[in-house]
Amino acid sequence: MGQLLLQLLRQGLLPKSQFIKGFAETLEQADDMAIDIPHIWLYLAELLSPVLREGGFSMRELFSELRKPLLPVGRAGMLISEILHILCKQMSQRTVGSLWRESGLSWTDFLPEGEDVQTFISQQKLQSVLSDGSGPDAAQAKRILSLDELSQQLERLLLEDMASDEQIFDWVEANLDESQMSSSPFLRALMTAVCKAAVKDDNTNCRVDTAIIQQRLPVLLKYLNSDTERQLQALYALQALIVSLDQPPNLLRMFFDCLYDEDVISEDAFYKWESSKDPAEQDGKGVALKSVTAFFTWLREAEEESEDN
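Quick look at the structure:
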């Protein structure tokens, strides 16, 4: 629903003024609705976050409007807190904190008069998001981890500790800076760990446990970030994993089907991988290509049908 609202705004079918007016009417009733719908602030935040994240509104513009119907009932801070937490799952805490500071907003604008700001921030677990990054710990440059170190840590988290997505996000935030989060070594280590966790070998054949991929979609989507070059690095990592497993029959095809169906890898990225002549990525490429010939045939036929329609 949040994506639908975003598209309506982008296409001019829903004027911003009408969007705000409609939401304001809902927000005026939200505190009463919370009696029967305890998580209503989370649900509302899920509707609003795409509009903010993808540029429908600036943070200052949207939050300033949201506070108007909610401040009188003391709930403005609660909704803003839920939106910030959702944004942190979709982008880095550092980025969300920067957006907050750039907005020029203050928590005193959203909390009832007399409520202690620091207590609220602590209760909502927003300290790391709202930190200005000027403390002594933040000032220390984070050590750049090698591919082997990244692989060991991520495989420990995903395969041994069975860490939650939040725990993975927290580890990345604590150990990598912004540039490392988009680096090839990190993206490859992450993709390898997720895919390795999804490989199931029952002694007769290898298969992909698609539920594992689906479970880790928030992690993959956050760091691949719909970026074709990042997705290409992920495909190189998958190719290397398949080679290390001695190219089990149909395994790469199963991964490709799943990654395409779940919108993890775009058509452009698949085609880039197929046509890549990078000398560093040729180990096992010929066998890998043959194993997914049917996939690319299907992909092109589907594209042609879509164009005809």
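Residue numbers (full-length UniProt numbering): 1 to 309. Even glycine gets a Cβ: it sits at the ideal position worked out from N, Cα and C. The structure presented is a predicted model; accordingly, all values stated were derived computationally and were not measured.
Three-state secondary structure assigned by DSSP to residue i
i, result
"G135", "Reliability fails at G135, whose pLDDT of 47 lies under 50, so the model's placement of it is uncertain and no value is given."
"D268", "helix"
"D261", "helix"
"D177", "coil"
"V292", "coil"
"D201", "strand"
"A207", "Contrary to the premise, residue 207 reads as Arg rather than Ala in this sequence. R207: strand per DSSP, three-state reduction."
"R75", "coil"
"A34", "coil"
"K163", "According to the sequence shown, residue 163 is Ala rather than Lys. The answer is coil: DSSP assigns A163 none of H, G, I, E or B."
"D283", "coil"
"M91", "coil"
"K277", "coil"
"H39", "coil"
"K125", "coil"
"E46", "helix"
"Q11", "coil"
"L245", "coil"
"G97", "helix"
"L158", "helix"
"I144", "coil"
Check: residue i C-beta below 7 Å from any heavy atom of the ligand NAP
i, result
"Y43", "Absence of the ligand NAP is noted for the structure shown, with no ligands found whatsoever."
With 16 other Cβ atoms within 10 Å as the buried cut-off, status of residue i
i, result
"A198", "buried"
"R67", "buried"
"T119", "exposed"
"R10", "exposed"
"L62", "buried"
"G114", "exposed"
"S81", "buried"
"L13", "exposed"
"Q93", "buried"
"R156", "exposed"
"L159", "exposed"
"Q233", "buried"
Pair within 8 Å by beta-carbon distance, residue i and residue j
i, j, result
"S266", "Q214", "no"
"A76", "F110", "yes"
"T210", "A269", "no"
"I121", "W107", "yes"
"A193", "R253", "no"
"S174", "L147", "The residue asked about is misnamed: residue 174 is Ala in this sequence, not Ser. Cβ atoms of A174 and L147: not closer than 8 Å."
"L220", "V264", "yes"
Worksheet item: Are the segment 201 to 211 and the segment 163 to 171 touching, with three or more C-beta to C-beta distances below 8 Å?
Response: No, the segment 201 to 211 does not touch the segment 163 to 171.
Worksheet item: Taking one C-beta from the segment 182 to 193 and one from the segment 235 to 242 each time, how about it: are there three or more such pairs within less than 8 Å?
Response: Because the criterion of three Cβ pairs below 8 Å is met, the segment 182 to 193 and the segment 235 to 242 touch.
Fill in: Given 8 Å, three or more beta-carbon pairs between the segment 40 to 52 and the segment 85 to 102
In this structure the segment 40 to 52 touches the segment 85 to 102; the number of beta carbon pairs closer than 8 Å is three or more.
Discussion item. Taking contact to mean 3 or more Cβ pairs, one atom from each stretch, closer than 8 Å, check whether the segment 277 to 292 and the segment 240 to 247 are in contact.
Written reply: Because the criterion of three Cβ pairs below 8 Å is met, the segment 277 to 292 and the segment 240 to 247 touch.
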